[in-house]
Each structure stands twice: as C-alpha cells, then as structure tokens.
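A.B. asks: Residues 1 to 127, numbered by the numbering used here, are exactly what the sequence shown covers, in order.
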Amino acid sequence: MPLSEHEQRLFEQIEQSLAEDPKFASAVRASDPRFHARRRLLLAVGVIAVGLALVVYGTVTELTLLGVAGFVVMLSAAAFAMRSHRKAQSPDLRVVGGSTSRRTRGRRMSFIDRLEERWRQRPEGHR
C-alpha cells in the first residue's frame with residue numbers, strides 16, 4: 001500500500017532530523033556490523049604488514065625463528081581477515097512474524113540439498 005503525500009513528507013522530515021543528529025548517527029554506526037567488519041579487516045591488513053616485516057627482518061638477519069614467527073603472524077591475520085569478510089557478507093537473518101526457507105544455522109546446504117529444495121518448490125504443473 002503506497003504512502004500518501006503527507007506521510008511521505010513526514011517520513012522525509014523524520015529522516016532529515018535523524019540524519020542531522022550526530023549522537024544518533026554514531027549510535028547507528030556503532031551497531032552496524034559492516035563498520036566493525038571493515039575495522040577488523042583494516043586491523044588484519046596492518047598485522048599482515050607487521051608479519052611481512054618480521055619475515056623480511058628474520059631473513060636479512062638470518063634468524064629463522066623470527067621469519068617463521070612472522071609467517072605465522074601473517075597467516076593468522078589473513079585467516080582473521082577472511083573470517084571477518086565472510087561474516088560481513090552473511091549477516092544474521094532474523095525472521096519477524098513469518099517463516100523462511102533459508103537456513104541460518106551456520107550449516108551450508110550441499111548441492112544435493114539445494115536441488116531437493118528446488119524440486120520441492122517447483123510449480124505443481126511441471127512434473
């Protein structure tokens with residue numbers, strides 16, 4: 001059902017007043033999972049750079065243990081970055097007053113499960 005012009009103007013005024021409120025904007029930004037994922041990604045990039053510096057320094061000074069430690073730091077930071085990126089790409093889905101066919105338990109559907117789901121949801125006339 002479309003909104004009337006009066007309701008649209010009211011929503012625009014509310015949106016404008018909320019956009020001008022810096023306290024509200026920072027509260028919304030602080031609760032945004034994409035903001036946290038971006039911050040974790042930047043942190044991981046910085047740690048990868050530190051790990052690379054340790055690898056180079058360990059190689060130059062012939063301290064093998066330091067080079068291996070730098071590599072482990074780089075690998076761990078890359079894994080952390082990938083996990084953060086995946087988390088940002090698939091936010092928690094919450095169903096309000098309805099049902100969903102998407103599984104949100106963390107278990108991915110296999111190829112066969114997806115095919116079976118499509119088969120169950122096909123129109124009745126196509127057999």
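The C-beta atom is built at its ideal place from N, Cα and C for all residues, glycine as well.
Here the structure is a predicted model, which means the values were calculated and not measured.
Quick one: what does DSSP say residue 16 is sitting in, helix, strand or coil?
C.D. replies: Position 16 of the sequence shown holds residue 16. For residue 16, the secondary structure class from DSSP, reduced to helix, strand or coil, is helix.
A.B. asks: Between the Cα of residue 35 and those of 55, 47, 85 and 117, spot the shortest distance and give me the residue it belongs to.
C.D. replies: Looking up residue 35 in the sequence shown gives position 35. Here the closest residue by C-alpha is 85.
A.B. asks: Do three or more CB pairs link the region 5-13 to the region 44-56 at distances below 8 angstroms?
C.D. replies: Counting Cβ pairs under 8 angstroms, fewer than three are found: no touch.
A.B. asks: On a CA-only basis, which of 89, 49, 83 and 82 is nearest residue 71? Give me that one, please.
C.D. replies: Counted from its first residue, the sequence shown places residue 71 at position 71. Closest option to residue 71, Cα to Cα, is 49.
A.B. asks: Helix, strand or coil, according to DSSP, for residue 89 in the structure here?
C.D. replies: Numbered from its first residue, the sequence shown carries residue 89 at position 89. The answer is helix: DSSP assigns residue 89 an H, G or I state.
A.B. asks: Take the Cβ of residue 68 as the centre, count every other Cβ of all protein chains shown within 10 Å, and call the residue buried at 16 or more, exposed below.
C.D. replies: Looking up residue 68 in the sequence shown gives position 68. A residue is called buried when at least 16 other Cβ atoms come within 10 angstroms of its Cβ; residue 68 does not meet this threshold and is exposed.
A.B. asks: Considering only the alpha carbon of each residue, which of 53, 81 and 8 lies closest to residue 37?
C.D. replies: Translated into positions along the sequence shown, residue 37 becomes position 37. Nearest C-alpha to residue 37: 81.
A.B. asks: Report the rounded CA-to-CA distance for residue 8 versus residue 2, giving the unit in angstroms.
C.D. replies: Here residue 8 refers to the residue found at position 8 of the sequence shown. Here residue 2 refers to the residue found at position 2 of the sequence shown. Rounded to the nearest angstrom, the two C-alpha atoms are 9 angstroms apart.
A.B. asks: Any idea what DSSP makes of residue 97, helix, strand or coil?
C.D. replies: Along the sequence shown, one-based indexing puts residue 97 at 97. Residue confidence for residue 97 is low, a pLDDT of 49 falling below 50, so the modelled location carries little weight; the figure read from the coordinates is stated next. Reduced to three states, the DSSP call for residue 97 is coil.
A.B. asks: For residue 121, name the three-state secondary structure that DSSP assigns.
C.D. replies: Against the sequence shown, residue 121 aligns to sequence position 121. Note: residue 121 maps to coil in three-state DSSP.
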